[in-house]
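When the sequence shown is numbered by the numbering used here, its final residue is 131 and no position is left out of the sequence of numbers.
Where a beta carbon is used, it is the ideal one built from N, C-alpha and C, also for glycine.
For reference, the structure discussed in these notes is given below.
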Amino acid sequence: MDSTVPRVAFVCVQNAGRSQMAAAFARREADARDLDVEVVTGGTDPADAV
82 MDSTVPRVAF
92 VCVQNAGRSQ
102 MAAAFARREA
112 DARDLDVEVV
122 TGGTDPADAV
């Protein structure tokens, strides 16, 4: 992606649910509004499995 594309990060403790759901909603809204946004997720203490 181009470096001028906005990046949105959603972070929760384990990256096993909340941040991934928030990212999915954000991607859906960005697509619906034809916005060029990079959405990433992460966790402060990532789980081994989802």
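Query                                                                                         : Result
Rounded C-alpha distance that separates alanine 128 from leucine 116                          : 31 Å
Closest residue to proline 87 among Val120, Gly124, Thr125 (Cα-Cα distance)                   : Val120
Span of the alpha helix (DSSP H) around alanine 103                                           : 99-113
Run of the beta strand (DSSP E) containing valine 118, from where it starts to where it stops : Neither: valine 118 is in no beta strand (DSSP E) and is coded neither H nor E.
Simplified DSSP state of valine 92, which is helix, strand or coil                            : strand
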